[in-house]
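Presented below is the structure to which this report refers.
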Amino acid sequence: MMVGLSFALLSLLGVVAAAASGQTARVWAVYAYTINGETIPRVFPRSRALTPYGAYQLHEAGSAFRGRYVSVKAGADRPDARIENLSPYLVDNDDIKITSTPDVAVLASAQAFMQGVYPPLNESFNTTFFDNQLELADGSLISPPLGGYQYPSIVTVGAEDPQSLMVSGQALCSRHAAANLEYIASKEFWRTYEESAVFYNRLHTLSLSGHFDTKASSYANATAIAEFLDYQVVHNESLLHSLSAEDIKRARWYAGRYVFATNGNTSASGTTVDGGIRTIAGQGLASSVLNAFETTIQNRGANGKMTLQFGNYQTAVSFTSLLQLATTSPNFTSSLPRPGSSLVLELFSLESERYPTYPDPAQLYVRFLLHNGTRAEFVPYPLFGHGPSNTAIPFSEFQAEMQRMALGSTEDWCRRCNSSAVFCSGVVKPLPRQSAASKARKDRGGISAAVAGVIGSVVTIAVLALIGVVGFFLCLRTKRLRNPGLGGFKRDSKMASDSDLTFKNPQWGDAIKAPTASAKGHERHGSWEMKNKCPPRLVEQTVGPSSLADELEEEWDLHDTAPVRPREHV
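Mapping of the sequence shown onto mature numbering (1 follows the signal peptide of the UniProt record, and there is no 0): residues -18 to -1, 1 to 552, in sequence order.
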C-alpha cells in the first residue's frame, strides 16, 4: 500500500513539475460513455422514442466533444485537448469506434451525437468542401445529400450478443435481478418508502393523477416519476404553477437514491452469493475501457483514438461506483446526471514539443471528466479515492485498478449471473462428471476403470456358477424328501377345507408411491413474497410496465445534495 501511495505521489509531483516547466497535456485517446437524451415517458400511450429536444441535447453534447477533441482550433475559453492525429473534418471509422444498445432512443441519441462531432461537410468547412459535386459517366453532376451529411459506423449490440456485456451487462443477469428483489425486501427500501409517502401523495394530488394511480405514486416508482416530471418541466408550462423547483429536485434525489441502491451499492448485505453483482454492468464497461486503451497503446495510436459507447443510466451509475467517485463527491451516490451526460476518460501525456511522437506507456496518464449535460463544462474528478488535487494518475496504476474490477471473460459473466442468454450455452464449459473421491483414488495409484471392470466380470461369473451348482444339489435333495399330498405347512394333517395363506390384492416387491410435489424446484431469493410484507403496488394500466418489473432506461439528472424538507409523518 505504501509503495503504491509513494508511486502515485511521485507521479503527481511529476505532473506538477511538468506543468511548471511549460509542458502541456497531449490527448492520445478518449473513451466516453454517454446517456441517451430526453425520451417519451413510458407512462404515455406512445412508443418510447427520442424526442426532438432529446436529439437537440445530444447534438449539443456532440458539438462540445468536437470543440474539445476534434476541431483544429479550440475556442478561446477552452483548453486545447484535441486528440493527436484525429481527422478534423472527415469521419474515419478506423479512428472512431461507436457502440450502442438497440434501444430506439439510445441509437437515435448516438446518431444525433455524431452529427455534432462530425457535422455535414458544408458546415465544418468555412467554404463549400472541394468534392461537393460528382460528375457521372454521362456528364451529369450530382451533389451529396444534406450538404455533405456524414455516416459514421454505429454498431448495435443486443442483449443476446456477448458484446452487449460491455454496454449493458445487467440486462440478462438473473442474479442482478435477484439483488434488486433483495433491495425491495430490505429495511432500507421500506424505510425510504414510508418516509417519502407524504411527499409522493402530495405529488399525486398536484401533478401525477391521470398517469399514476394513488398507490403507484410512491418511492417504488421513483425513476418513472422523476422521468415524467423532467419531461413535464420542459413541455408543460403549467407544471411549475403547482410544483416548486424543490419538488422536482427532491423527486430526482429519490430516483438517484433508488438507482444507486440497485446498481451501485456494493456494501449492502443480503443473501445474494456475489455481493458485487449490483455493479456487473460497470464491470463490463471497465473491461471495454481497458481493452480500448491497451489496444491503442499497442498500436501506438494508429487507430482507436476515440471510443464512444451509448446506453442508459444503469451502466453509468455502476461504473462511477467502481471508480470510487463518491469518495470525494458524495452526490454520486444519490443523484443522476442530466440527459446527454458523458463519463469521459482521457489518455494523455505531458509534452513540450509541438508535434510529439507517441510516448512510452510509462509516460501516459489517465484522468476522468464528467460532462454533465449539454451546457456543462468538462469537470475532472479524482479516481479510486485520490484527493481532489490528484485528478491524473499513471496509466500503470489505472490499468491495475481496472484489471481488478473488470469482467474476466464471457464465461465468468455467465456463471456469476446464472444467465440463460443464448451465448452462454456456447461458452460455459460443463463441470467434469468424475467425482473428487474417484479422482483421489486414481491419484493414489488405484487400478484403472477398465481393469476394474474385467476383474468384476470374472468374479461375477464365478459367483453365479457356484450358486448354480449349490442350487442344483439342493433341488435334487428336496425332490427326494418331498411326499405327494395336499402340501402346505400342515403336510399330512392338512384337511381339504384348509387353505394356504392368501393375500388380497398382492403387491410384490417394495411398495413405491407416486411422487407428489418435487422438493426441489426454482428457488426464490430475496423475493418480497418471503418477507411477510405486501409489496408496493406498481404502475398499472395507465403507467405501463412497472419500474420494479423492468429496469427503467431514463436519463440521469442533477448532482446536488438532498433537498431540505420539512418534518413529515405518514
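Every residue, glycine too, gets a C-beta built ideally from N, C-alpha and C.
Around the Cβ of Glu209, a 10 Å sphere holds 16 or more other Cβ atoms; the residue is buried.
In the three-state DSSP reduction, Gln306 falls in the coil class, being neither helix nor strand.
Contact between Ala87 and Arg30 holds, with the beta-carbon distance rounding to 6 Å and staying under 8 Å. DSSP places Arg184 inside the alpha helix (DSSP H), whose first and last residues are Ala179 to Leu185.
Comparing alpha-carbon positions, the option among Arg386, Ser331, Pro364 and Val410 lying closest to Glu66 turns out to be Ser331.
Counting only the Cα atoms, Gln214 lies some 13 Å from Arg24.
In this structure, the CA atom of Arg260 is about 30 Å from the CA atom of Gly44. As summarised for the segment 198 to 280, the continuous alpha helix (DSSP H) elements at least 4 residues long and confined to that stretch are 204 to 217, 221 to 224, 227 to 245 and 262 to 280, given in chain order. In the displayed model, Gly293 falls within a strand according to three-state DSSP. Contact annotation: Ile207 and Ser199 have beta-carbon atoms nearer than 8 Å.
CA-to-CA, the gap between Gln5 and Pro338 works out to about 11 Å.
Closest in alpha carbon position to Asp74, among Pro134, Ser269 and Thr21, is Pro134. Straight-line measurement puts the Cα of Tyr13 at about 27 Å from the Cα of Arg398. Less than 8 Å divides the Cβ of Gln291 from the Cβ of Val149. Residues Pro70 of the same chain have their beta carbon placed closer than 6 Å to that of Val54, with the five preceding and five following residues left out of the count. Within the segment 60 to 126, the complete alpha helix (DSSP H) segments at least 4 residues long are 86 to 99 and 103 to 106, listed from N- to C-terminus. Contact between Ser300 and Gly264 is confirmed by a C-beta separation of about 3 Å, below the 8 Å threshold. Val12: not part of any alpha helix (DSSP H); member of the beta strand (DSSP E) spanning Thr6 to Ile17, first to last residue. Residue environment analysis places Arg232 among the buried positions, since at least 16 neighbouring C-beta atoms fall within 10 angstroms of its C-beta.
If you draw a straight line from the Cα of Met387 to the Cα of Leu225, it comes to about 42 Å. Taking the Cα of Thr81 as reference, the smallest distance to any Cα among Val409, Thr196, Gly140 and Ala11 is reached at Gly140. Nearest to Asp76 by alpha-carbon distance, out of Leu147, Lys287 and Ile22, is Lys287. Secondary structure note for Thr138: its beta strand (DSSP E) is the uninterrupted segment Ile136 to Thr138.
Comparing alpha carbon positions, the residue from Leu32, Leu329 and Glu335 closest to Trp10 is Leu329. At a Cβ-Cβ threshold of 8 Å, Gly246 and Thr309 do not count as neighbours. Thr297 is positioned such that its CB atom lies closer than 8 Å to that of Leu267. Taking the C-beta atoms as reference points, Val410 is found no nearer than 8 Å to Glu383.
Under the DSSP assignment, Pro376 falls in the beta strand (DSSP E) whose first and last residues are Ala374 to Pro376.
Leu325 places its beta carbon 8 Å or farther from that of Val241. Annotation: the segment 353 to 408 contains the following complete segments of the alpha helix (DSSP H) (minimum length 4 residues), in chain order: 377 to 387 and 392 to 399. Remark: C-beta atoms of Glu20 and Val404 do not approach each other more closely than 8 Å. Cα atoms of Arg64 and Pro412: separation of roughly 49 Å, rounded to the nearest angstrom. Taking a C-beta distance under 8 Å as the contact criterion, Ser316 and Arg239 qualify as a contact pair. Distance from the CA of Asn281 to the CA of Arg349, rounded to the nearest whole angstrom, comes to 21 Å.
By the Cβ-count criterion, Pro370 is exposed, with fewer than 16 other Cβ atoms from all chains shown falling within 10 Å of its own Cβ.
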